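Enquirer:
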Amino acid sequence: MSLVIPSRLKVGDTVAVVATARAVDYESVEAGVKILIGWGLKVELGKALYHRHQLFAGTDQERLEDLQMALDNPRIK
140 MSLVIPSRLK VGDTVAVVAT ARAVDYESVE AGVKILIGWG LKVELGKALY
190 HRHQLFAGTD QERLEDLQMA LDNPRIK
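Going by the working numbering, the first residue of the sequence shown is number 140, and it counts up by one from there.
1) List the endpoints of the continuous beta strand (DSSP E) containing A155.
2) Following the continuous beta strand (DSSP E) through L142, name the residue where it begins and the one where it ends.
3) Is it the case that the Cβ atoms of G185 and A160 are separated by a distance below 8 Å?
4) Check the C-beta distance from G171 over to G151 and give it rounded, since I have them as a contact under 8 Å.
5) Hey, could you find the ends of the beta strand (DSSP E) V182 is sitting in?
6) Is E183 near T153, with beta carbons less than 8 Å apart?
Spelled out as structure tokens, the structure:
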């Protein structure tokens, strides 16, 4: 398997914000999203981003589906 080096982000590119482990709070995510938008990026949030399952951001399956969506979507850089 060879190393894949992604191209640099450009204004207008879309990035995904997903939580692959612990639960996140709305204020922290929104602060980060505002920064990304300020850089000229489009932001897509994972469906389970604000879910909670014990200490996690959703169940294992929900977090996996969000991550897989971000990896599989060709629009998301």
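Here a beta-carbon is modelled for each residue, glycine too, at the ideal position from N, C-alpha and C.
For clarity, every value in this text was computed on a predicted model and none was experimentally measured.
Expert: Inspection of the coordinates gives the following:
1) T153 to V156
2) It is not in any beta strand (DSSP E) - L142 carries neither H nor E in the DSSP assignment.
3) no
4) The pair is not a contact, with the Cβ atoms about 19 Å apart (cut-off 8 Å).
5) K181 to L184
6) yes
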